[in-house]
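Chemist: Sharing a structure with you now.
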Amino acid sequence: MTQSVLFFDSGVGGLSVLQQVRLHSQPLNLRYVMDDAAFPYGTKSDDELAHRVLQVCLNAVNQLAPDVLVIACNTASTLTLPALRQILDIPVVGVVPAIKPAAKLAQQGHIGLLATPATVERLYINDLIQDFAEHCKVDRFGSSELVYWAEDFLLNGDPVTGLKDHLQPWFDQFPQMSHVVLGCTHFPLLKPQLHQHWPHIHWIDSGEAIARRVAVVLEQEQGQLSTTQCNSGPPGSISLHWTSEQKQQIAAQQFLQQLGDLTEASQLHLAEIDRLSPDASRGADNNPEPGSE
Ligand code: DGL
Numbered sequence: 006m007t008q009s010v011l012f013f014d015s016g017v018g019g020l021s022v023l024q025q026v027r028l029h030s031q032p033l034n035l036r037y038v039m040d041d042a043a044f045p046y047g048t049k050s051d052d053e054l055a056h057r058v059l060q061v062c063l064n065a066v067n068q069l070a071p072d073v074l075v076i077a078c079n080t081a082s083t084l085t086l087p088a089l090r091q092i093l094d095i096p097v098v099g100v101v102p103a104i105k106p107a108a109k110l111a112q113q114g115h116i117g118l119l120a121t122p123a124t125v126e127r128l129y130i131n132d133l134i135q136d137f138a139e140h141c142k143v144d145r146f147g148s149s150e151l152v153y154w155a156e157d158f159l160l161n162g163d164p165v166t167g168l169k170d171h172l173q174p175w176f177d178q179f180p181q182m183s184h185v186v187l188g189c190t191h192f193p194l195l196k197p198q199l200h201q202h203w204p205h206i207h208w209i210d211s212g213e214a215i216a217r218r219v220a221v222v223l224e225q226e227q228g229q230l231s232t233t234q235c236n237s238g239p240p241g242s243i244s245l246h247w248t249s250e251q252k253q254q255i256a257a258q259q260f261l262q263q264l265g266d267l268t269e270a271s272q273l274h275l276a277e278i279d280r281l282s283p284d285a286s287r288g289a290d291n292n293p294e295p296g297s298e
């Protein structure tokens, strides 16, 4: 039977993750949920965000019945993974900033972390740096502007004109910075523009690591041969769901249509949930890919 994976983000950022999974796996039913009614996440308080993420994910899992949930949002993953794993009975894969691989590549060097204002402040990031990048110098830049630009670029085709003015002062301040972690799933959507302005920088995102992790988790779920080796079977389908009342998310539909057979596009209706503790903890994944959790 074709397995089904649900991707979740505040907006279009998680499409960069879905795209990698689509590229690296056998046919799957791919479900994409964007919480556009609460976009952006990166400026919300922890309390507000934790409740919202749990509410949308619970509703989405109940309604769409996936085999695996991918939190394709660093801002949400670094806050809510333990709670999600506690309340859901399917595997939950989280996207977290790829600090570990960046630290390996940069050796003793200087790494930048480009993420949302909320993500750069998280204790989770302090722990990642302490555990995997203590031998490096790490500087953080929190930006919501890039999130909006990525959204407008993908949804409306708007040119991204503000990048240079926005980020150049950071690069001027740290001329030794050689590797920059794209710690928000919206940012890989702007990789061509980032590369154009700063071609000497190695831009590192978590997309491929997540694709590998999802393949392993699906394999464990089904006890089948490597999902990357199974290329036969039904082609799989794609569906898009959003939370706002009015928008049809036409551009996101078009993006997904290029990746496969878009069989459904609809609003996700949200029932209220009981307030749950955001720091409820359940054993983390014990062998995740760096960049996934
Ligand atoms: N794409 C999300 C992330 O990876 C968050 C963007 C936002 O809504 O602020 O952090």
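Using our numbering, read the sequence shown as starting at 6 and increasing by one per residue. All C-beta atoms, glycine included, are put in the ideal place defined by N, C-alpha and C.
Examine the ligand DGL and report whether any of its heavy atoms sits within less than 7 Å of the Cβ of Y46.
Modeler: Taking the sequence shown and counting its residues from 1, one reaches residue 46 at position 41. Answer for Y46: yes, Cβ within range of the ligand DGL.
Chemist: Could you check whether the Cβ of T124 sits closer than 7 Å to any heavy atom belonging to the ligand DGL?
Modeler: Here the question's residue 124 lines up with position 119 in the sequence shown. Yes; taking the cut-off as 7 Å, the Cβ of T124 has a heavy atom of the ligand DGL nearer than that.
Chemist: Unbroken alpha helix (DSSP H) runs of length 4 or more, entirely within the segment 144 to 226: which are they?
Modeler: Runs of the alpha helix (DSSP H) inside the segment 144 to 226: 150 to 161, 168 to 178 and 196 to 202.
Chemist: In whole angstroms, give me the CA-to-CA distance for L23 and P180.
Modeler: The residue you call residue 23 lines up with position 18 of the sequence shown. The residue you call residue 180 lines up with position 175 of the sequence shown. Roughly 33 Å between the two C-alpha positions.
Chemist: Report the residue ranges of all alpha helix (DSSP H) runs contained in full by the segment 235 to 267; include only those spanning at least 4 residues, in chain order.
Modeler: You should have 255 to 262.
Chemist: Over what stretch of residues does the beta strand (DSSP E) that includes D14 continue unbroken?
Modeler: The count along the sequence shown starts at 1 and reaches residue 14 at position 9. First-last of the beta strand (DSSP E) with D14: S9 to D14.
Chemist: Please report the Cβ distance between Q25 and E213, rounded to the nearest whole angstrom; I am assuming they are in contact, meaning their Cβ atoms lie under 8 Å.
Modeler: As a first step, residue 25 must be located in the sequence shown, where it is residue number 20. As a first step, residue 213 must be located in the sequence shown, where it is residue number 208. Rounded, the Cβ-Cβ distance is 6 Å, consistent with contact.
Chemist: Taking 7 Å as the cut-off, is the C-beta of C78 nearer than that to any heavy atom in the ligand DGL?
Modeler: Looking up residue 78 in the sequence shown gives position 73. Because some heavy atom of the ligand DGL lies under 7 Å away, the Cβ of C78 counts as near it: yes.
Chemist: Taking three-plus beta-carbon pairs below 8 Å as touching, is the segment 90 to 101 in contact with the segment 115 to 123?
Modeler: With a cut-off of 8 Å, the segment 115 to 123 and the segment 90 to 101 do not count as touching, because too few Cβ pairs lie within range.
Chemist: Quick check on DSSP: helix, strand or coil for S50?
Modeler: For this step, residue 50 is matched to residue 45 along the sequence shown. Three-state DSSP puts S50 in coil, outside helix and strand.
Chemist: Which ranges does the alpha helix (DSSP H) cover as unbroken runs of at least 4 residues, wholly within the segment 96 to 137, from first to last along the chain?
Modeler: Correct list: 104 to 111, 122 to 126 and 128 to 137.
Chemist: Look at the Cβ atom of S249, then the Cβ atom of A42, and state whether they are nearer than 8 Å.
Modeler: Numbered from its first residue, the sequence shown carries residue 249 at position 244. Numbered from its first residue, the sequence shown carries residue 42 at position 37. A contact, by the Cβ cut-off of 8 Å.
Chemist: In the DSSP assignment, what are the bridge partners of N64?
Modeler: Taking the sequence shown and counting its residues from 1, one reaches residue 64 at position 59. Note: N64 sits in no beta bridge, so no partner.
Chemist: Leaving out five residues before and five after N64 in sequence, what residues of the same chain have Cβ atoms less than 7 Å from its Cβ?
Modeler: As a working note, residue 64 is residue 59 in the sequence shown. The residues are L273, L275 and A276.
Chemist: Pair every Cβ in the segment 112 to 119 with every Cβ in the segment 73 to 85, then say whether three or more of these pairs are closer than 8 Å.
Modeler: Judged by Cβ distances under 8 Å, the segment 112 to 119 makes no contact with the segment 73 to 85, as fewer than three pairs qualify.
Chemist: Does V17 come out as helix, strand or coil in the three-state DSSP assignment?
Modeler: For the purposes of this step, residue 17 is taken as residue 12 along the sequence shown, with counting starting at 1. Here V17 sits in coil by DSSP.
Chemist: Along the beta strand (DSSP E) that carries I92, what are the first and last residues, could you check?
Modeler: In the sequence shown, the residue the question calls residue 92 occupies position 87. Run containing I92: none in the beta strand (DSSP E); it sits in the alpha helix (DSSP H), N79 to I92.
Chemist: Alpha carbon to alpha carbon, how far is T268 from N34? Give it in angstroms, no decimals.
Modeler: Translated into the one-based positions of the sequence shown, residue 34 becomes position 29. Translated into the one-based positions of the sequence shown, residue 268 becomes position 263. Each residue's alpha carbon lies about 10 Å from the other.
Chemist: Thinking C-alpha only, which one of L261, Q262, Q253 and S244 is nearest L11?
Modeler: Within the sequence shown, numbered from 1, the residue matching residue 11 stands at position 6. Per the Cα distances, S244.
Chemist: May I have the straight-line CA-CA distance separating Q251 from S21, to the nearest angstrom?
Modeler: For this step, residue 251 is matched to residue 246 along the sequence shown. For this step, residue 21 is matched to residue 16 along the sequence shown. If you take the alpha carbons of Q251 and S21, they lie about 24 Å apart.
Chemist: Can you tell me whether G16 sits near the ligand DGL, meaning its C-beta is under 7 Å from at least one heavy atom of the ligand?
Modeler: Translated into the one-based positions of the sequence shown, residue 16 becomes position 11. The answer is yes for G16.
Chemist: Could you tell me which residues DSSP puts in a beta bridge with V26?
Modeler: As a first step, residue 26 must be located in the sequence shown, where it is residue number 21. Its beta-bridge partners do not exist; DSSP assigns none.
Chemist: My guess is that A103 and S211 are in contact by the Cβ rule of under 8 Å, so how many angstroms apart are they, rounded?
Modeler: As a first step, residue 103 is located in the sequence shown; it is residue number 98 there, counting from the start. As a first step, residue 211 is located in the sequence shown; it is residue number 206 there, counting from the start. At roughly 5 Å, the Cβ-Cβ gap stays under 8 Å, so A103 and S211 are in contact.
Chemist: If contacts are defined as beta-carbon pairs under 8 Å, then H207 and S183 qualify, I think. What distance do you get, rounded to the angstrom?
Modeler: Translated into the one-based positions of the sequence shown, residue 207 becomes position 202. Translated into the one-based positions of the sequence shown, residue 183 becomes position 178. With a Cβ gap of about 6 Å, H207 and S183 count as contacting.
Chemist: Given 7 Å as the limit, tell me if C141 has its C-beta closer than that to any heavy atom belonging to the ligand DGL.
Modeler: The residue you call residue 141 lines up with position 136 of the sequence shown. It does not: the Cβ of C141 is nowhere closer than 7 Å to a heavy atom of the ligand DGL.
Chemist: Leaving aside the five residues before and after G265 along the sequence, list all residues of the same chain whose C-beta is less than 6 Å from its C-beta, in chain order.
Modeler: Taking the sequence shown and counting its residues from 1, one reaches residue 265 at position 260. For G265, where only same-chain residues beyond five positions count, the Cβ hits under 6 Å are I243.
Chemist: Keeping to the same chain, check which residues put their C-beta closer than 6 Å to that of A155; ignore five residues upstream and five downstream.
Modeler: Walking along the sequence shown from the start, residue 155 turns up at place 150. Taken in chain order, the residues that qualify are H191, L194 and L195.
Chemist: Cα separation between S297 and Q253?
Modeler: Residue 297 sits at position 292 when you count from the first residue of the sequence shown. Residue 253 sits at position 248 when you count from the first residue of the sequence shown. Near 30 Å, if we compare the C-alpha coordinates of Q253 and S297.
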